[in-house]
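Heads up, the first sequence is in our numbering, so the first residue is 436 and it goes up one at a time. Glycine included, C-beta positions come from ideal geometry on N, C-alpha and C. For reference, the structure is listed below as structure tokens.
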Amino acid sequence: MTESGTADRTRIERYEPTAIEPRWQARWAELGLHRTNLHDASRPKFYLLTMYPYPSGDIHIGHWYVKTPTDALARFRRMHGYNVFFPIGFDAFGLPAENAAIARDIHPREWTMANIDNMRRQLRLMGATFDWDSEVVTSDPDYYRWNQWLFLRFLEAGLAYRTTAAVDWCPNDGTLAREQVEGTDRRCWRCGARVEKRDLEQWFLRTTKYADELLDFSGIDWPEPIRIMQTNWIGRSEGAEIIFSTAPDEQQAGGDELRVFTTRPDTLFGATFMVLAPEHALVEKLTHPARRAEVEAYVARAGTETEIERLSTEREKTGVALGAEAINPVNGERIPIWIADYVLSGYGTGAIMAVPAHDERDFAFARKFGLPIRRVVAAPDTADDAALESAYVAHAAGERMVNSGRFTGLPADEGGRAIVETLAADGRAKPAVTYRLRDWLISRQRYWGTPIPVIHCDVCGIVPVPDADLPVLLPETVDYRGSGENPLQRDRAFVDVACPRCGGAARRETDTMDTFMDSSWYWYRYLSPHFDGGPVDRAMVDRWNPVDQYTGGAEHAVMHLLYSRFFTKAMADVGIIGEREPFKRLFNQGQVLGIDGERMSKSRGNVQDPDELVARYGADTVRLFLMFMGPWDQGGPWNPTGIGGVHRFLNRVWTVTLEPHGRAAGDPAEVVGDVGAAGRELRIAAHRTLQAVSADYEGLRFNTMVAKLMELTNLLMRYRGTAVAGSADWDEAVRLLLLMLAPSAPHIAEELWSRRVAAAGEPWRSIHAERWPEWDAALVAARTVELPIQVNGKLRDKVELPAGLSQDEIERIVLAREKVQAALGGKAPDKVIHVGGRLVNLVIRG
RNA sequence: GCCGAAGUGGCGGAAGUGGCAGACGCGGCGGACUUAAACUCCGCUGCCCGCAAGGGCGUCAGGGUUCGAAUCCCUGCUUCGGCACCA
């Protein structure tokens, strides 16, 4: 990189980022520029959070894309006088560590810690101002201890519970986490076998308790698409619960209650059969002996089929009749009861009234099994008994109920309400709301996670581990290899334990927690990472929350971002914190893909290593290029071809700052006529840039921010070596340029700033401690405008005018113009449209 | 199938609320510097016709609203993301 002796004499020194950047990073660390005094209440706080990374081993360009613009925002806010808290940590539990452990015979902790060390080093290369003093590593007992503590509080509050649930299960490797099931045909990640469903005792958190509150986004500024995704995921449906009862026959006394949930009580007269989920509790009791073999075979098959097979919309409906009948409460009609796997046991009541005329799924089922289809709602122009080629589902204005006894003729919505009211009098129906959201299954049969702190005692049942015994440490020496069950189960020293209540022999719970538990409250822990009296120091949380700006990927829309909202509400309800929403403003940046447009991954070999780019161009160029690539929320394929342009831009910034009087070979010998006017133009441009750039930073529009800095720099380049260079106007423009650049390209800005300060004989002060400048409103206001002139909407001419002319004056000037007259063909315009002094459109007809 | 986002030069992209389409950058072409190259700098660069002045056409396609549409409305196509028998 060293310049040979042939360099132009006027060149003082080349811009060499690799020489500059480490020096400033060391200096910032010395100065504690990154450290936040969390007790400083003299300035307004700003909590800026970026999603903490999983320590996979290497920082790749995707991490830079996510983190460096956020750092720019942190620096921008600091320059506005905020006390900015910008922490970082590691999401250190999870499956990849266990994979690596098995593949390379290295302990998950060792693997994880080595990766964290490497990632810390790489993260520092970014020149980002993370507050490392607040770092949190979730696999640290000091952290997961509080996972356990929180779990126990939730358990006490009834927010955690244990029940049997169907989990993914591999015939060779046992229970799998959801993410261990691969591909659309759902195979085990380790052995490739088909994954089945199996009922197991599992721990859950009661997310459904907060369903309605989670639907409420008032008071938080989140992107609409995320709010929609969460809303759909929660899936609130309003309708009614209706109670059918089983009919007596030669086998059954009848009278068993069959509850169904429906959003269409108006179609109750159209219910021609009922369908229960194969797992429904009454299936066994209701099955007619003659049907038993077939029913049992069907239930068994439904249990082993993969979820995808079962839920596929493409698949033809299957099901079997139980040989029993139910009584429709509205008309006493006897209808057959079936079981079919298209009815899900986990939604509603696990049973439906089937109305084939008005539900596509029921329609398909009825067609296949020859069950009756009876129309009970008709559009205005449709006959009461018009045949149906497909289910009539849509609502139409003027539709009415038909074939519905005394409700016939009523509009559907009114009739539905009336039916529910009528049945409610006998306790056979009530309005009901159902959600798609399920409780959160947090049990994982894995080693590398937080042990769930309970003990199973044959006498006392489930006994929580006393707070004083926390943390339940993950044993370090367990044999985590091998296949099948959770390795913790084989560790007798871990499992065998005395019951805290009765002192008898008992077994420790071996399930560990889903790692989304760890990430559901980590930002609270950042505020007091070593606090010993609880998971959080309440005073710090009260002062610093909510997070003012959270940035991270949209892929977490219905996982991490929903769990975090749930956790905050649950923590508030057990009295740990006061806030009910964690993140005030959310921004979802996009994802950098490989050059092939695919997700970056080592196995695809399309991963861009930022270290190489940093070695070649410096961190500032890489940061700036990532911001310049496109809108931050968009992401896109990685394509490094433009990076040289950004590097050249920084070189020009270097040049205009240090060599204002230089002229490069090939520069035109520009002579500036009016130095005062040119200087004024420079000042105006600088202040307008400042205004626009400030707004872009605020709105996280980094790509246009960089473009505007480039424009200002190009203007400076034009006047370099002329009489304007070095003037007070020039100087101000350069000063503003450096300040605006500082958050995004912090090293070069700091370097050039220090040289300016030294040249002026002033004491050094970091540019990052400077106040963000204010623009001069008088300079920003336009003095003259270039007015585009349209004729019939087509651009025909432009004219430079002083600002603030009246419409009459503008019209007079415009109409006098030769090109305008030519375009009008000598005629007078029929109409003249003025657009706020910004454009004129002359309209002629004919 | 349902929900959401998006389609603009050779490429990445720019145009808060309808008002100069293509800012900025890449790439390309030409030039300056150099013995030469690299580096750097300057100019041109949506497409078509024209020596030029100038004109025509242009924001996925087709309609519409408007003095005026990349932007609003309708229909369709394509790509990406989410959900996927949720009664």
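Here residue 963 is buried, its C-beta having at least 16 other C-beta atoms within 10 Å. Looking at the DSSP output, residue 672 shares a beta bridge with 869.
Under the DSSP definition of a beta bridge, residue 1014 lacks any partner. Counting only residues of its own chain and dropping the five nearest sequence neighbours on each side, residue 1183 has a CB closer than 6 Å to the CB of 1055, 1085.
At least 9 Å separates the beta-carbon of residue 665 from that of residue 1174. Taking residue 897 as reference, the option from 788, 587, 771 with the minimal CA-CA separation is 587. By the Cβ test, the region 447 to 456 is not in contact with the region 942 to 961, since fewer than three Cβ pairs between them sit closer than 8 Å.
For residue 826, the closest alpha carbon among the candidates 798, 1125, 816 is that of 798.
For residue 1122, the uninterrupted alpha helix (DSSP H) run begins and ends at 1110 to 1133, by DSSP. Following the DSSP letters along the chain, one finds residue 772 inside the beta strand (DSSP E) bounded by residues 769 to 774.
Judged by beta-carbon spacing, residue 482 lies beyond the 9 Å limit of residue 1024, meaning their Cβ atoms are not closer than that value. Nearest to residue 885 by alpha-carbon distance, out of 655, 529, 1091, is 529.
By the criterion of a C-beta distance shorter than 7 Å, residue 1227 is surrounded in its chain by 1278, 1279, once the five residues flanking it on both sides are discounted.
Between residue 762 and residue 708, the beta carbon gap of about 13 Å keeps them out of contact (Cβ cut-off 8 Å). In terms of Cα proximity to residue 486, the closest of 524, 864, 1229, 1005 is 524. Relative to the Cα of residue 817, the nearest Cα in the group 507, 718, 832 belongs to 832. When secondary structure is reduced to three states using DSSP, residue 733 falls in the helix class. Taking 4 residues as the minimum length, the alpha helix (DSSP H) runs contained wholly in the region 1231 to 1262 are 1242 to 1250, 1253 to 1259, in order along the chain. In terms of Cα proximity to residue 1131, the closest of 1140, 849, 989 is 1140.
Burial of residue 773 is indicated by the presence of at least 16 other C-beta atoms within 10 angstroms of its C-beta. Here DSSP, grouped into helix, strand and coil, assigns residue 924 to helix.
Where residue 496 is concerned, the enclosing alpha helix (DSSP H) starts and stops at 496 to 514.
Nearest in C-alpha terms to residue 1112, of all of 1076, 1069, 1165, is 1165. Take residue 692, set aside five residues on each side of it, and the residues of its chain with a beta-carbon closer than 7 Å to its own are 678, 680, in chain order.
Looking at the backbone, the Cα of residue 1236 and that of residue 1108 are separated by about 22 Å. Cβ contact annotation for residue 642 (same chain, cutoff 7 Å, sequence separation greater than five): 872, 874, 875, 1001, in chain order. Per DSSP, residue 862 lies in no beta strand (DSSP E) segment and is marked neither H nor E.
Under a 10 Å Cβ-count criterion, residue 711 is classified as buried, with 16 or more other Cβ atoms of the shown protein chains found around its own Cβ. Rounded to the nearest whole angstrom, the CA to CA distance from residue 1064 to residue 706 is 58 Å. A direct Cα-Cα distance of roughly 25 Å separates residue 1091 from residue 1136. Here DSSP, grouped into helix, strand and coil, assigns residue 712 to coil. The beta carbon of residue 1160 sits closer than 7 Å to those of 1095, 1096, 1154, all from its chain and outside the five residues before and after it, given in chain order. Shortest Cα-Cα distance from residue 1269 to any of 1258, 1260, 1241 involves 1241.
Between residue 858 and residue 765, the gap from beta carbon to beta carbon is short of 9 Å.
Counting C-beta atoms within 10 angstroms of its own C-beta, residue 868 has fewer than 16 neighbours from the protein chains shown and is therefore classed as exposed. For residue 999, the enclosing alpha helix (DSSP H) has its first and last residue at 995 to 1008.
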